[in-house]
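Positions in the sequence shown are counted from 1; adding 112 to them yields my numbering.
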Amino acid sequence: MRQLAQGGASNRQIAAQLGVSKDTVRRDLSQEDAPATTVAQRLAHRAAQADTAVSQACAAARAVVEARPAHTLADDETARRWCAELRAAADQLAAQADAFADYYPCATG
């Protein structure tokens, strides 16, 4: 949108080209651009997100171990669902752990 505006297109022309209202164009062009981030900032943000996700996954795993769902009285359908969900989650987590061998071979030895 900004590129079109900087190229001299009117709000009406931009709206027609992008399939939005001219009010949307006016509003979006009046907002300031988000501050540019450096590669280092983006990598740090991504690492922080991954760290949080891994911490949450580990906490969830500990909670499941403490709950001992296989030793909890439940109907057959619930037991099947719990088993399937735990196996699917375990497979997804195992795939993520296995990926470390590709990217960090020294860390997995």
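Ideal Cβ positions, reconstructed from N, Cα and C, are used throughout, including at glycine.
Please read all numbers here as calculations on a predicted model, not as lab measurements.
Span of the alpha helix (DSSP H) holding residue i?
{"i": "E197", "result": "188-215"}
{"i": "G143", "result": "Strictly speaking, residue 143 in this sequence is Gln, with Gly absent from that position. Q143 -> no alpha helix (DSSP H), and no H or E assigned at all."}
{"i": "L116", "result": "114-118"}
Could you have a look at residue i and say whether DSSP puts it in helix, strand or coil?
{"i": "V132", "result": "coil"}
{"i": "R180", "result": "coil"}
{"i": "T149", "result": "coil"}
{"i": "S122", "result": "coil"}
{"i": "L185", "result": "coil"}
{"i": "T164", "result": "helix"}
Just to confirm, is the Cβ distance from residue i to residue j under 8 Å?
{"i": "T136", "j": "A127", "result": "yes"}
{"i": "A159", "j": "L205", "result": "no"}
Looking at C-beta atoms only, is the number of pairs between the region 114-130 and the region 139-157 that lie closer than 8 Å three or more?
-> yes
Are three or more beta carbon pairs between the region 193-212 and the region 162-182 nearer than 8 Å?
-> yes
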